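Take 264 as the starting number for the sequence shown in our numbering and just add one per residue.
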Amino acid sequence: MYKSNNVVYCNNIGNSEVVIRYPQNGDVEAMLKYINAISKEKTYITWQGEEISLKHEQKYLKNQLKRIGEKETVQLLLFVNGELSGISAIDLGERIKCHIGVFGITIAQIYRGRGFGKLLMKLTLEEASKNLMKLKIVTLEVFAENEKAIKMYKDFGFIEYGKLPKGNLYKGKLVDDTQMYKNIKVN
Ligand SMILES: CC(C)(COP(=O)(O)OP(=O)(O)OC[C@H]1O[C@@H](n2cnc3c(N)ncnc32)[C@H](O)[C@@H]1OP(=O)(O)O)[C@@H](O)C(=O)NCCC(=O)NCCS
């Protein structure tokens, strides 16, 4: 059973206290601040400057907590010195896609390139393998020009299986979207 305040990692890295845990009800404001900062940045994610409302985030978190409890989602929050600095998730699909988990990850701009993405991704994949009983394949979509992320995904064993030309509207231009997968369980 999912426990609130479920910590999966706690360590000091350099001078920083790093905690990685599942979300809980009280996280909504930190999550809202985090996602709005990333949206404003217009990086390689779905949000491109839109302002996300508290109401939207409350609804999103409520649904995530429900799905985590039902073992349909794994979501981990990275805190560096108490501040929310990264989020990663794997969400199972429904019906004919119930064995497929869709992966997503972001790290706060100031903490990128320090190994946090790799750490968070490793733990999210491990938690998903342990907790999402139906999971067999993890898929993801990534901007084709996001070489840094693609390198990380390949290092984790993800394989490119497709590319949708002009699949994303990014900064006024249509750019390609790369699709990748990783097998978790063979049968
Ligand atoms: C992509 C992202 C999650 C990676 O997290 P990160 O903390 O920056 O990455 P890490 O420092 O853990 O590095 C992980 C790997 O990424 C790659 N990487 C990181 N920095 C890189 C760079 N400057 N150039 C090339 N590859 C790089 C490397 O493969 C690295 O592994 P290595 O150190 O063993 O070579 C993060 O940069 C991010 O949130 N970017 C913006 C949003 C985004 O692109 N999300 C992914 C959407 S699909």
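Each residue gets a CB set at the ideal place from its N, CA and C atoms; glycine is no exception.
Note that this is a predicted model, so its numbers are computed, not measured.
What's the C-alpha gap between residue i and residue j?
i	j	result
asparagine 288	isoleucine 315	18 Å
glycine 430	isoleucine 368	19 Å
arginine 358	serine 279	42 Å
tyrosine 416	glutamate 389	15 Å
valine 405	isoleucine 276	28 Å
asparagine 446	threonine 336	17 Å
proline 428	tyrosine 323	30 Å
arginine 375	glutamate 304	13 Å
asparagine 394	tyrosine 285	12 Å
methionine 294	alanine 412	22 Å
lysine 426	asparagine 409	13 Å
asparagine 299	glutamine 311	10 Å
alanine 391	alanine 407	25 Å
aspartate 290	leucine 437	35 Å
histidine 319	tyrosine 424	33 Å
glycine 364	glycine 356	6 Å
lysine 325	glycine 380	25 Å
serine 348	valine 281	10 Å
Comparing C-alpha positions only, which one of the options sits nearest to residue i?
i	options	result
lysine 414	Leu432, Gln321, Met384 and Ala293	Met384
glutamate 333	Ala293, Asp354 and Thr306	Asp354
valine 449	Val401, Tyr424 and Leu437	Val401
leucine 398	Asp418, Ile422, His362 and Ile373	His362
alanine 296	Tyr307, Pro286, Val281 and Leu317	The amino acid occupying residue 296 in the given sequence is lysine; alanine does not appear at that position. Nearest option by C-alpha distance: Leu317.
cysteine 273	Ile298, Leu339 and Gln327	Leu339
isoleucine 350	Gly364, Leu382 and Arg330	Leu382
phenylalanine 419	Asn409, Val438, Glu408 and Met443	Met443
isoleucine 283	Tyr307, Gly356 and Val271	Val271
aspartate 439	Asn269, Val281, Tyr307 and Ile301	Tyr307
isoleucine 370	Lys434, Glu346, Tyr433 and Asn269	Glu346
serine 302	Lys360, Arg377 and Tyr433	Tyr433
methionine 396	Asn326, Gln321 and Ile331	Ile331
Which partner residues of residue i appear in the DSSP bridge assignment?
i	result
asparagine 274	Val281
tyrosine 444	Thr402 and Ile422
glutamine 338	Ala352
tyrosine 297	Partner(s): none; tyrosine 297 has no beta bridge.
leucine 328	The partner list for leucine 328 (beta bridge, DSSP) is empty, contrary to what the question assumes.
tyrosine 433	Lys436
isoleucine 363	Ile400
isoleucine 368	Ser351
valine 343	Val281 and Glu346
leucine 427	Asp440
Taking its Cβ as the centre, do 16 or more other Cβ atoms sit within 10 Å of residue i, making it buried, or is it exposed?
i	result
glutamine 372	exposed
isoleucine 251	This structure gives no information on residue 251, because the portion of the chain shown stretches from 264 to 450.
glutamate 313	exposed
valine 343	buried
glutamate 292	exposed
leucine 328	buried
glycine 378	exposed
glycine 435	exposed
threonine 387	buried
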